[in-house]
Amino acid sequence: MAEAPLAPAAPLLVVDSLDKVYGSGDTATHALQGVSFEFAEAEFAAIIGQSGSGKSTLLNLLGLLDTPTSGTVTYRGTDIGSLGKPRRAELRNSLIGFVFQFHHLLPEFSVYENVVMPALIAGVPDDAELRRRAEETLGLLDLEGVADKNANALSGGQKQRVAIARALVNRPALVLADEPTGNLDTTNTGLVYDLFRSINEQTGTAFIIVTHDRNVAQRTDRILEVRDGLLIADERNRYIGWGDVPAGARRRQPV
Ligand code: ADP
Ligand code: MG
Numbered sequence: 293m294a295e296a297p298l299a300p301a302a303p304l305l306v307v308d309s310l311d312k313v314y315g316s317g318d319t320a321t322h323a324l325q326g327v328s329f330e331f332a333e334a335e336f337a338a339i340i341g342q343s344g345s346g347k348s349t350l351l352n353l354l355g356l357l358d359t360p361t362s363g364t365v366t367y368r369g370t371d372i373g374s375l376g377k378p379r380r381a382e383l384r385n386s387l388i389g390f391v392f393q394f395h396h397l398l399p400e401f402s403v404y405e406n407v408v409m410p411a412l413i414a415g416v417p418d419d420a421e422l423r424r425r426a427e428e429t430l431g432l433l434d435l436e437g438v439a440d441k442n443a444n445a446l447s448g449g450q451k452q453r454v455a456i457a458r459a460l461v462n463r464p465a466l467v468l469a470d471e472p473t474g475n476l477d478t479t480n481t482g483l484v485y486d487l488f489r490s491i492n493e494q495t496g497t498a499f500i501i502v503t504h505d506r507n508v509a510q511r512t513d514r515i516l517e518v519r520d521g522l523l524i525a526d527e528r529n530r531y532i533g534w535g536d537v538p539a540g541a542r543r544r545q546p547v
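In the numbering used here, each number is its position in the sequence shown, counted from 1, plus 292.
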């Protein structure tokens, strides 16, 4: 008799029936309502939706920065709601990297010190390993030359690249980016997109990018659209390059 096939590996992330209510009574805001989807290792996706639609709320729940009112977030088969706080924090630190609209660098510290901060928090013990990781990560982002500079001596685009390096230093399986190019000009937006894409391809890191920028969203592989707390679309997106593409050239298909 043939052997039973191995069970397929659990997806990177499964989100099931997520609800989030802020406040209570008359002032309650139902920010998310029954959001469910699966996300594979190494996927590269965007979340779009109008201001106030629930995008950041969703990202914070995926990032284990907040807990849902109901519903579950499961990483690689582990229901995060079943874990105690220390284990949750440990998973967050090792599995997930965050990039925000504002870089939140520590201005009095060097680029190197900013980048290794999450590795220090994760308890990477020795200096040689820290330096090796930092150099590799700074290399990925073309920042080798500025490692010893103070963070506040950099341009806006460079600062955001340092923030991306910091998000990657613990080799996360998933990067969650909330409007990462919201504060950048077109050139730096293109640069950040290209870096995300090349890191995704080189390292297999998955990306979920909340963005208002159609140029960014239409160059990801999957677009999740949120409206009034509901996931109203989840579509595969045909990848197009960063170069000029005629309007309407994008093709979207249901997942
Ligand atoms: P988006 O990121 O799409 O702009 P948010 O997730 O920030 O949307 O917000 C979704 C809804 O939840 C909005 O109505 C917002 O005002 C509300 N909201 C977000 N965070 C909080 C909070 N901490 N307390 C109360 N209401 C909140
Ligand atoms: Mg937001």
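We put the beta carbon where it would ideally sit given N, CA and C, even for glycine.
- Three or more beta-carbon pairs drawn from the segment 496-506 and the segment 456-469 are found closer than 8 Å, and the two stretches are therefore classed as touching.
- Look at the segment 393-447 and you find no whole run of beta strand (DSSP E) that is 3 residues long or longer.
- CA-to-CA, the gap between PRO378 and ALA414 works out to about 12 Å.
- In this structure, the straight-line span from the alpha carbon of PRO303 to that of ALA332 is close to 5 Å.
- By the Cβ-count criterion, GLY317 is exposed, with fewer than 16 other Cβ atoms from all chains shown falling within 10 Å of its own Cβ.
- Take the alpha-carbon of ALA509 and the one of ILE388: they are about 21 Å apart.
- Exclusion of the five residues before and after PHE329 leaves VAL307, LEU516, LEU523 and ASP526 as the residues of its chain whose Cβ lies within less than 7 Å of its Cβ.
- Taken from the Cβ of SER348, at least one heavy atom of the ligand ADP lies inside 7 Å.
- Shortest gap from the CB of ASP470 to any heavy atom of the ligand MG: under 7 Å.
- Exclusion of the five residues before and after LEU433 leaves ARG453, ILE456, ALA457 and LEU487 as the residues of its chain whose Cβ lies within less than 7 Å of its Cβ.
- Around the beta carbon of ASP470, a 10 Å sphere encloses 16 or more other beta carbons of the protein chains shown; the residue is thus reported as buried.
- Of the heavy atoms belonging to the ligand ADP, at least one sits nearer than 7 Å to the Cβ of SER343.
- According to DSSP, residue pairing for GLY389 in a beta bridge involves VAL467.
- Around the beta carbon of GLY521, a 10 Å sphere encloses 16 or more other beta carbons of the protein chains shown; the residue is thus reported as buried.
- One Cα belongs to ARG368, the other to GLU335, and the distance between them is close to 14 Å.
- For ASP486, the secondary structure class from DSSP, reduced to helix, strand or coil, is helix.
- Remark: the shortest separation between the CB of ALA323 and any heavy atom of the ligand ADP falls under 7 Å.
- With a cut-off of 7 Å, the C-beta of GLY315 is classified as near the ligand ADP, since at least one heavy atom of the ligand falls inside that distance.
- For the set ALA323, SER362, GLU400 and LEU354, the Cα lying nearest the Cα of SER343 is the one of ALA323.
- Close CB contacts of ASP418 within its chain, under the 8 Å cut and outside five residues either way in sequence, are absent.
- With 16 or more neighbouring CB atoms inside 10 Å of its own CB, ARG511 falls in the buried class.
- Here the segment 433-445 lies against the segment 391-406, with 3 or more beta-carbon pairs under 8 Å apart.
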